[in-house]
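Engineer:
Now the structure itself:
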């Protein structure tokens, strides 16, 4: 194993990030390594008397045409956009300050297509490891193995909210985001709704669910109905409490605001995808004095939720909460796979820092790879 | 004539701007009308633009002028038409093929690119020796950066009960998240105000000529 | 079959992209180029579909005289206007069926399509989102309340950043000596953005990338098929 | 009754904000902003690129964010032209193409006429974001067979040397969201090695900072109106962004004052509630 990996690593390091290798020879041309055969890497190393240069490539008639004149004593140039499997000839002419004296070098290279992008080795290895872990856990979960997921603290509000609503005899409001059913955030929200509906059926608390899209509406009705059935209270299920407001973004917000002011719910849940309207909703909810719980994967909206709500599920916590409550093998398995990836991140970063401190730059370069 | 139409245009712009602003007082017919006109114009714009700038140059033109070289484009055209059949309920299943092709392609491209840029490159960028900097501010900052990334990632780790010692990094992680949300908050406020400035500038300058 | 064949299409196209990502050799690069070109063409049909369904929904509303149907009718009329003007005289430098319509452009100052874009579409689009400035102000007054240590941290950072990004910032803390320059508002803001903010955003980015890998993998392998519609 | 009061309070806040923005617009305070390193980096990228380079400005926004992004676009365009760069305009948002034409027109009014097809070109919008950029990386002409005026790719002198994205010296994306700057970073830089800088709305700026790192995924970043004003400062002129920083600064202070008042009110209410609670229990 070591015998294979080491030369690979060395080869990789020699590629470098820009693909330019300083060389001892005055002028060299080499096929760019590990590519689709469309580039040649040129490098030169001139004596210190030189002050300007002209880099030239032979055209189809064999006449040299200038491709660059940017000066550096030790420099490089990557000539890209070439044909694969063809020979290219280059000439470097270097001048003195007064241009009275010049030297010229020629070099040639043949472009070759490779079968693997060696600079993407780290990408392939790590990607394979993480994909493997995700699949492993999904199949594990499907076979009914119990996978541990910690409880999400944002969910603690559920009990409190239902308790308070029951005590006051007021309803609970649940908004499953303003995205359509295609958004996984909406799906996650519906999974949480299922749990909340189960509890509200047990305690006999009224549950209001305004929806923005008809698809979400029918899914939400299905979810709540199922939960009531499961709780043994199908009689308490009222279809009209789960209703369509309007497709229009701000119209929807105005509608939900109206409901909050009229019904004065004791607890509000805003879970799912929210955009700019997040603020208007939670502001009104705060005004009515409800306990507010929010959660979204939209990073720009989280700050507003944190400052205006009592509990917030941050980003991935929303999906984790949904997996925790639904025990769906696909969600659970993926989540565990991602967790494996996170552990890997922590280990890799710590190793990398130690390596950097020890002056072993190759590790970082290997992980970063090249393009 | 053109001058007059320009003035009319600015008055139109002012009318629609004020119609939208009227929503701040309450929902009303002016707002509703302006909103639906916006939706209609927007749909019209997308439709015309897509036809003129993509379908004509990238598809129809190539097929009509040089069919021999471009006949393969008949396949995406066919798939595109299958996509349009979604509006006919009985033919809806045909749209699954183009959707599958698009979803499969996007999934793979996103997987490779975000794994490289948002995973590998970010990990590599965190592998920094904090003591290589000369300024103490940078040293402290880099240590904060490393601690923040590790604890932040740990906060989203769900496979372990976060109790006792295991709760500490998670707690630190949330602090970093909160600082970053605070920054986001500040920047969002900034952005929203900027948009308002633009509109008031239009009303005061172009319409009312109060600002010269 | 109706359900499995699309899954194979998704798998094949995904696999091709993955292979082309690692193998530079012929023919994968070319295949990828073809596939991305097809993608673009199919996507533009998807855009057409989106607009057509929107219009279809509005037509239904008007036909059924559902509440507020008059507004939807206005929406349809403006849609039709935009499309007709665009088709007849084109937009900007693109000619339409009747050419560039020089006569009309002369009178109007620009093509009808561009005239509507400049004087109606632009103000509408720009004003819609400027409403949010007002909502932020009102929420700042009523709902942004300090609750616990975490939200304190958030608020303090927000205050520093908001002040640090004004033109007053330099002036407010100019009395702080340069040896403590890091405490001057603009520099403090830069520090927060460069280190703690970057750290947290990076953690979010890394977690999100893992999420993308997971969902993409499930889609390519056909484990996740909800995008095809019709239940789980 | 209570609902009425909150409604009135709300309207007062709206009015105060409108005044806080309008007054400094009418009577500018003459405030000056100071530069930040991130904007300077973006400036340096443009400044250090040799004359004659072909570059891309991507207009990935629509009219809803012109106030923030248009001044940036124009400042960068002016800079690029002054350095003798040949500018290709692309757009990931359909309305972006119109925004590009607006920028070209405004900057030419200042710098004098430039030649279309040699100094600049508008290639317009293509749908697909990341996938489109990936396509450009393979072959530019497949993605853009014609420009927006119907010229063929081969007939445009500026594009003579451009076969793929690799022939572009830098990309600056003016980005209001998705698709936009992120797609350019992930594809143009991380896959094809082209330098990318960006200007974004302030909303998305904090999320892009992890890309500004030693891997140079993102060369420089301009976030919001403030950064646009900084770029104008670096270009040594006072443009729309600099002027708009006056109301911007005043409004920020107003928001902070509102937050403070809100918190004092909430704190008082809580104290009163605590007291009445004690009385009831006592």
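Chains as they are written, first to last, in the working numbering: chain R, 1222 to 1592; chain X, 8 to 219; chain B, 5 to 236; chain H, 28 to 309.
Even for Gly, the Cβ is constructed at its ideal location relative to N, Cα and C.
List the residues that DSSP assigns as beta-bridge partners of residue 18/B.
Structural biologist: Indexing the third chain from 1 puts residue 18/B at position 14. Note: residue 18/B sits in no beta bridge, so no partner.
Engineer: Check whether chain X comes within 7 Å of residue 1282/R, counting only Cβ atoms and requiring the distance to be less than that.
Structural biologist: Position 61 of the first chain, counting from 1, holds the residue named residue 1282/R. For residue 1282/R, the answer is no, since every Cβ of chain X falls outside 7 Å of its Cβ.
Engineer: Do residue 155/X and residue 183/X have their beta-carbon atoms positioned less than 7 Å apart in this structure?
Structural biologist: Working through the second chain from its first residue, we reach residue 183/X at position 176. Working through the second chain from its first residue, we reach residue 155/X at position 148. Closer than 7 Å, so yes.
Engineer: Does the region 190-199 of chain X come close enough to the region 220-239 of chain H that 3 or more CB-CB pairs lie under 8 Å?
Structural biologist: With the cut-off at 8 Å, the region 220-239 of chain H and the region 190-199 of chain X touch.
Engineer: Can you give the Cα-Cα distance for residue 176/X and residue 27/X, rounded to whole angstroms?
Structural biologist: To locate residue 176/X, count along the second chain from 1; it is residue 169. To locate residue 27/X, count along the second chain from 1; it is residue 20. When rounded, the distance between both Cα atoms is 47 Å.
Engineer: Helix or strand or just coil, what does DSSP make of residue 183/B?
Structural biologist: If you number the third chain from 1, residue 183/B lands on position 179. Correct three-state label for residue 183/B: helix.
Engineer: What distance in whole Å lies between the Cβ atoms of residue 17/B and residue 111/X, which are believed to be in contact at a cut-off of 8 Å?
Structural biologist: As a position in the second chain, residue 111/X is number 104, starting the count at 1. As a position in the third chain, residue 17/B is number 13, starting the count at 1. At roughly 4 Å, the Cβ-Cβ gap stays under 8 Å, so residue 111/X and residue 17/B are in contact.
Engineer: Between the C-alpha atoms of residue 176/B and residue 198/H, what's the straight-line distance to the nearest angstrom?
Structural biologist: Position 172 of the third chain, counting from 1, holds the residue named residue 176/B. Position 171 of the fourth chain, counting from 1, holds the residue named residue 198/H. Roughly 37 Å separates the two Cα atoms.
Engineer: Leaving out five residues before and five after residue 1238/R in sequence, what residues of the same chain have Cβ atoms less than 8 Å from its Cβ?
Structural biologist: If you number the first chain from 1, residue 1238/R lands on position 17. Caution applies to residue 1238/R, whose pLDDT of 41 falls short of 50 and renders its modelled position unreliable; the value that the coordinates give is listed next. Hits under 8 Å: 1586, 1589, 1591.
Engineer: With a Cβ-Cβ cutoff of 7 Å, do residue 144/B and residue 39/H count as a contact?
Structural biologist: Counting from 1 along the third chain, the entry for residue 144/B is found at position 140. Counting from 1 along the fourth chain, the entry for residue 39/H is found at position 12. No, Cβ-Cβ distance for residue 144/B and residue 39/H is not below 7 Å.
Engineer: Pick from 216/B, 117/B, 88/B, 179/B: whose alpha carbon is nearest that of residue 117/X?
Structural biologist: Indexing the second chain from 1 puts residue 117/X at position 110. For residue 117/X, the nearest C-alpha among the options comes from 216/B.
Engineer: Run through chain H and tell me which residues come within less than 7 Å of residue 34/X, C-beta to C-beta.
Structural biologist: The residue labelled residue 34/X in the question sits at position 27 within the second chain. None at all; the shortest Cβ gap to chain H is about 13 Å.
Engineer: To the nearest angstrom, report how far apart residue 83/X and residue 161/H are at their CA atoms.
Structural biologist: As a position in the second chain, residue 83/X is number 76, starting the count at 1. As a position in the fourth chain, residue 161/H is number 134, starting the count at 1. Whole-angstrom Cα-Cα distance: 18 Å.
Engineer: When the Cβ atoms of the region 1345-1364 of chain R are set against those of the region 1526-1536 of chain R, are three or more pairs found closer than 8 Å?
Structural biologist: No, the region 1345-1364 of chain R does not touch the region 1526-1536 of chain R.
Engineer: Measuring only between beta-carbons, confirm whether residue 21/B sits less than 7 Å from chain R.
Structural biologist: Position 17 of the third chain holds residue 21/B. False, the Cβ-Cβ gap to chain R never drops below 7 Å.
Engineer: Grouping DSSP H, G and I as helix and E and B as strand, with all else coil, what is residue 228/B?
Structural biologist: What you label residue 228/B is simply residue 224 of the third chain in a count that begins at 1. In this structure, residue 228/B counts as coil in the three-state DSSP scheme.
Engineer: Using a 10 Å radius around the Cβ and a threshold of 16 neighbouring Cβ atoms, would you call residue 1420/R buried or exposed?
Structural biologist: As a working note, residue 1420/R is residue 199 in the first chain. Residue 1420/R comes out buried.
Engineer: In chain X, what lies closer than 7 Å to residue 1566/R by C-beta?
Structural biologist: Residue 1566/R sits at position 345 when you count from the first residue of the first chain. Per Cβ cutoff of 7 Å: 130, 160.
Engineer: Return the residues of the region 1464-1490 of chain R that lie within a Cβ-Cβ distance of less than 7 Å from chain H, sorted by chain order.
Structural biologist: For the region 1464-1490 of chain R, which is checked against every Cβ of chain H, the residues closer than 7 Å are 1482.
Engineer: Determine, using beta-carbon pairs with one atom in the region 97-114 of chain X and one in the region 1321-1335 of chain R, whether at least three such pairs fall under 8 Å.
Structural biologist: Judged by Cβ distances under 8 Å, the region 97-114 of chain X makes no contact with the region 1321-1335 of chain R, as fewer than three pairs qualify.
Engineer: Could you name the residues of chain R that residue 164/X contacts, counting a contact when the two beta carbons are closer than 8 Å?
Structural biologist: Position 157 of the second chain, counted from the first residue, corresponds to residue 164/X. Neighbours of residue 164/X on chain R, chain order: 1560, 1563, 1564.
Engineer: When you compare only the Cα positions, how much space is there between residue 224/B and residue 86/X?
Structural biologist: Working through the third chain from its first residue, we reach residue 224/B at position 220. Working through the second chain from its first residue, we reach residue 86/X at position 79. Each residue's alpha carbon lies about 19 Å from the other.
Engineer: Would a check of beta-carbon distances place residue 126/H closer than 7 Å to chain B?
Structural biologist: The residue you call residue 126/H lines up with position 99 of the fourth chain. Chain B, which has no Cβ nearer than 7 Å to the Cβ of residue 126/H, makes this no.
Engineer: Short check: CB of residue 137/X to CB of residue 146/X, under 7 Å?
Structural biologist: Counting from one through the second chain, the residue named residue 137/X turns up at place 130. Counting from one through the second chain, the residue named residue 146/X turns up at place 139. Yes, they are a contact pair.
Engineer: Return the chain-ordered list of same chain residues with a C-beta closer than 7 Å to the C-beta of residue 192/B, the five sequence neighbours on each side being excluded.
Structural biologist: By 1-based counting over the third chain, the position of residue 192/B is 188. These residues qualify, in order along the chain: 164, 168, 186.
Engineer: Can you pull the DSSP bridge partners for residue 1299/R?
Structural biologist: Locating residue 1299/R in the first chain gives position 78, counting from the first residue. Paired residue(s): 1262/R.
Engineer: DSSP beta-bridge partners for residue 95/B?
Structural biologist: What you label residue 95/B is simply residue 91 of the third chain in a count that begins at 1. DSSP lists 98/B as partners of residue 95/B.
Engineer: If you measure from the beta carbon of residue 75/B to each beta carbon in chain X, is any gap under 7 Å?
Structural biologist: What you label residue 75/B is simply residue 71 of the third chain in a count that begins at 1. Yes, residue 75/B lies at the interface with chain X (some Cβ there is under 7 Å from its Cβ).
Engineer: Considering only DSSP beta bridges, list what residue 1512/R is partnered with.
Structural biologist: Indexing the first chain from 1 puts residue 1512/R at position 291. Beta-bridge pairing links residue 1512/R to 1488/R.
Engineer: So, residue 51/B versus residue 53/X, is the Cβ gap smaller than 7 Å?
Structural biologist: Your numbering for residue 51/B matches position 47 in the third chain. Your numbering for residue 53/X matches position 46 in the second chain. Closer than 7 Å, so yes.
Engineer: Would you verify that the beta carbon of residue 149/X is, or is not, closer than 7 Å to some beta carbon of chain R?
Structural biologist: Here residue 149/X corresponds to residue number 142 of the second chain, with the count starting at 1. Taking Cβ atoms only, chain R never reaches closer than 7 Å to residue 149/X, which makes this a no.
Engineer: Run through DSSP, which three-state label would residue 1242/R get?
Structural biologist: The sequence position of residue 1242/R within the first chain is 21, counting from 1. A caution first: residue 1242/R carries a pLDDT of 48, below 50, which makes its placement in the model too unreliable to give a value.
Engineer: So residue 52/B is in the alpha helix (DSSP H); what residue range does that whole segment cover?
Structural biologist: Position 48 of the third chain, counted from the start, is the residue given in the question as residue 52/B. Residues 32-67.
Engineer: List the whole-angstrom C-beta distance separating residue 36/B from residue 21/B, where the pair is believed to meet the contact cut-off of C-beta under 8 Å.
Structural biologist: Position 32 of the third chain, counted from the start, is the residue given in the question as residue 36/B. Position 17 of the third chain, counted from the start, is the residue given in the question as residue 21/B. The pair is a contact, with the Cβ atoms about 6 Å apart (cut-off 8 Å).
Engineer: Would you say the region 1442-1449 of chain R touches the region 1362-1376 of chain R, given that touching needs at least three Cβ pairs under 8 Å?
Structural biologist: Counting Cβ pairs under 8 Å, fewer than three are found: no touch.
Engineer: For residue 1552/R and residue 1569/R, I'd like the C-alpha separation in whole angstroms.
Structural biologist: Here residue 1552/R refers to the residue found at position 331 of the first chain. Here residue 1569/R refers to the residue found at position 348 of the first chain. Between residue 1552/R and residue 1569/R, the C-alpha separation is close to 26 Å.
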